[in-house]
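J.: Everything in the sequence shown is counted per this note's numbering, starting at 947 for the first residue and increasing by one. Cβ coordinates follow ideal geometry from the N, Cα and C atoms, glycine included. Handing you a structure now.
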Amino acid sequence: MKKLFKNYTYEFDKNEAKIISNFCKQAISQMSDNQDFYKDVKAFESIKQKIDSNASEVKMTKDEKTRLVHQLTQNRNHLKQTMDKSGFIKKWFYKSMFTQYNNLIETHFGD
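This is the structure:
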């Protein structure tokens, strides 16, 4: 039987909160000029504000969670493709970022 209601409250440690906060800040700066991404920008601003106010327990809406997971997954896949095509030094630079995104997705959003 499928659950009727889903809990969107997440507990992030200090490092995970910083990664998500920086990710949101970067996404906001890249998408803020284009009006097509208005809803994405609002969702990321809300996530960033919630993480800045209380990083240990963040309660997201379904829309915020969906947009965050989608963007994290897209970034992870792009980093994987870049790492596959690149040489040793570039792989070495991207490896930690790929690992962080992958751990976030698997730990908190792997449903």
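Are the beta-carbon atoms of LEU1050 and ILE965 separated by less than 8 Å?
T.: As a working mapping, residue 1050 is identified with position 104 in the sequence shown. As a working mapping, residue 965 is identified with position 19 in the sequence shown. The answer is yes: Cβ separation under 8 Å.
J.: May I ask you to verify whether the stretch 983 to 991 touches the stretch 1006 to 1022, counting CB pairs closer than 8 Å and requiring at least 3?
T.: With a cut-off of 8 Å, the stretch 1006 to 1022 and the stretch 983 to 991 count as touching, because enough Cβ pairs lie within range.
J.: Spatial neighbours of LYS960 within its chain, please: C-beta separation below 8 Å, excluding the five flanking residues on both sides.
T.: Here residue 960 corresponds to residue number 14 of the sequence shown, with the count starting at 1. Cβ within range, chain order: ALA1001.
J.: Of all the beta strand (DSSP E) runs that stay within the bounds of the stretch 955 to 1037, which reach a length of 3 or more residues?
T.: The stretch 955 to 1037 contains no whole beta strand (DSSP E) run of 3 or more residues.
J.: Compare the Cα-Cα distances from ASN968 to each of GLN1027, LYS1036, LEU1018, LYS952 and report the closest residue.
T.: As a first step, residue 968 must be located in the sequence shown, where it is residue number 22. Looking at the Cα atoms, LEU1018 is the closest of the given residues.
J.: Tell me whether the beta-carbon of ARG1022 lies closer than 8 Å to the beta-carbon of TYR1040.
T.: Sequence index remark: in the sequence shown, residue 1022 carries index 76 (1-based). Sequence index remark: in the sequence shown, residue 1040 carries index 94 (1-based). In this structure, TYR1040 does not lie closer than 8 Å to ARG1022 by Cβ.
J.: Cutting at 7 Å between CB atoms, please list the residues of its own chain near ALA963, excluding the five before and the five after it.
T.: Indexing the sequence shown from 1 puts residue 963 at position 17. Excluding positions up to five away in sequence, the list reads ILE997, ALA1001.
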